[in-house]
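Under the working numbering, think of the first position of the sequence shown as 1, with each following residue one higher. A short write-up of the structure that comes next.
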Amino acid sequence: MRPFEYVQAREVSAALAEAEAHDEADFLAGGTTELDLAVVLGDDDVIRWARVGLGGVATVPWRALEAAAVLTGSRASGEVFAGAARAALAGAVPLPQNAFKVELAQRTLVRTLRTVTGVTS
């Protein structure tokens with residue numbers, strides 16, 4: 001899967017339109033081979049739109065709808081990011097040899113959110 005392959009063009013267009021509709025909003029994106037992230041963040045640090053995709057943690061990449069739901073409408077903070085990470089992996093059923101991937105994915109998501117948004121606390 002290429003980065004952002006799971007995000008449909010109309011969703012990115014909607015995010016860009018949302019960012020353009022508010023002078024204070026920015027469209028931010030970041031990722032690795034394990035995680036892709038796109039958010040619209042306002043000057044007030046409220047996340048107006050979010051999409052999270054996890055790769056490398058399951059047999060197929062999956063879109064973390066629960067994480068996006070936690071993020072959207074919330075003020076960007078370490079606590080919110082941790083909640084989004086827990087929500088993203090709440091339904092994960094790891095095998096014994098890869099149980100470590102749950103915590104790894106959560107930490108990666110939190111770190112990527114902090115990096116992309118510039119939130120340090």
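The C-beta atom is built at its ideal place from N, Cα and C for all residues, glycine as well.
Hey, how far is the Cα of residue i from the Cα of residue j?
| i | j | result |
| --- | --- | --- |
| T117 | V57 | 23 Å |
| A67 | G53 | 9 Å |
| T112 | A85 | 11 Å |
| N98 | L37 | 23 Å |
| L62 | R51 | For clarity, residue 62 is Trp in the given sequence; the question names Leu instead. Whole-angstrom Cα-Cα distance: 11 Å. |
| F100 | L65 | 22 Å |
Compute the distance between the beta-carbons of residue i and residue j, then report whether it is under 8 Å.
| i | j | result |
| --- | --- | --- |
| A70 | A92 | Note that residue 70 corresponds to Val in the displayed sequence, not to Ala. The answer is no: Cβ separation not under 8 Å. |
| I47 | A76 | yes |
| W49 | V39 | yes |
Pull up the CB-CB distance for residue i and residue j, whole angstroms please, since I reckon it's below 8 Å.
| i | j | result |
| --- | --- | --- |
| L89 | Q106 | 6 Å |
| T120 | R114 | 7 Å |
Can you tell which of the options has the C-alpha that lies nearest to the C-alpha of residue i?
| i | options | result |
| --- | --- | --- |
| G42 | V60, A85, G73, A99 | G73 |
| D45 | L104, E103, G78, V102 | G78 |
Using DSSP's beta-bridge definition, name the partner residues of residue i.
| i | result |
| --- | --- |
| A82 | Its beta-bridge partners do not exist; DSSP assigns none. |
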